[in-house]
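Novice: Below are the structure tokens for one structure; questions will follow.
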Amino acid sequence: MGDFRSLKVWEKAHRLALDVYRATSGFPAQEMYGLTSQMRRAGISIAANIAEGCGRNTDRELARFVRIASGSASELETLALLAHDLGFMDNTVHQSLSAEVNKEQLHRVDKPLAGPVQNRPHRRRDRPAPAAALWQRAGSLRG
Numbered sequence: 006m007g008d009f010r011s012l013k014v015w016e017k018a019h020r021l022a023l024d025v026y027r028a029t030s031g032f033p034a035q036e037m038y039g040l041t042s043q044m045r046r047a048g049i050s051i052a053a054n055i056a057e058g059c060g061r062n063t064d065r066e067l068a069r070f071v072r073i074a075s076g077s078a079s080e081l082e083t084l085a086l087l088a089h090d091l092g093f094m095d096n097t098v099h100q101s102l103s104a105e106v107n108k109e110q111l112h113r114v115d116k117p118l119a120g121p122v123q124n125r126p127h128r129r130r131d132r133p134a135p136a137a138a139l140w141q142r143a144g145s146l147r148g
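Position in the sequence shown (first residue = 1) + 5 = this note's numbering.
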């Protein structure tokens, strides 16, 4: 479908995942398999799902993976708040991560893809979408 690396939303998600790793590196050792792991997986999931959606052959699949990424962003936002409230993360780090979790940008990709797909009853679900049309819809998010 195209190179996910050219999407601004993927670039931001990638940077966010790196920042989550940095932010959680100082968490208590007993949280390694709890909150630390869960936050890291949620951070990774955002960028990974955007990339996986770009690797799919239909706009329906791309939209589905963007929605999954948006759900992971909400999960990360909740986990960051929990980490802050437990005293594992200071205000500055928490506010920085919260500002980076930009679900609005994910919705800008998802909305133009989901609407046209649902309104095309003649289109087969598994039929590949023209790559140029998909990239045109996501064009404002390219770097």
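By construction, the Cβ of each residue, glycine as well, lies at the ideal position given by its N, Cα and C atoms.
For a test of the three-state rule: what should DSSP assign to G102, helix, strand or coil?
Specialist: Here residue 102 is taken as the residue at index 97 of the sequence shown, counted from 1. Note on residue identity: the sequence assigns Leu, not Gly, to residue 102. Helix at L102.
Novice: For a test of the three-state rule: what should DSSP assign to L81, helix, strand or coil?
Specialist: Position 76 of the sequence shown, counting from 1, holds the residue named residue 81. The answer is helix: DSSP assigns L81 an H, G or I state.
Novice: From this set, H99, F70, T41 and A22, which residue's C-alpha is nearest S30's C-alpha?
Specialist: Sequence index remark: in the sequence shown, residue 30 carries index 25 (1-based). The option with the nearest alpha carbon to S30 is T41.
Novice: Just tell me which of S103, K17, E80 and M94 has its CA closest to the CA of E36.
Specialist: Locating residue 36 in the sequence shown gives position 31, where the first residue counts as 1. Here the closest residue by C-alpha is M94.
Novice: From the DSSP output, in three-state form, read off L23 for me.
Specialist: What you label residue 23 is simply residue 18 of the sequence shown in a count that begins at 1. It is helical.
Novice: Please report the straight-line C-alpha distance between M44 and V25, rounded to a whole angstrom.
Specialist: Looking up residue 44 in the sequence shown gives position 39. Looking up residue 25 in the sequence shown gives position 20. Cα to Cα, the separation comes out at about 7 Å.
Novice: Less than 7 Å between C-beta atoms, sequence neighbours within five positions excluded: which residues of the same chain meet that for T97?
Specialist: Position 92 of the sequence shown, counting from 1, holds the residue named residue 97. Nothing meets the Cβ criterion.
Novice: Please name the residue, chosen from L91, S79 and R10, that lies closest to S103 on a Cα-to-Cα basis.
Specialist: Position 98 of the sequence shown, counted from the start, is the residue given in the question as residue 103. S103 has its Cα closest to that of S79, out of L91, S79 and R10.
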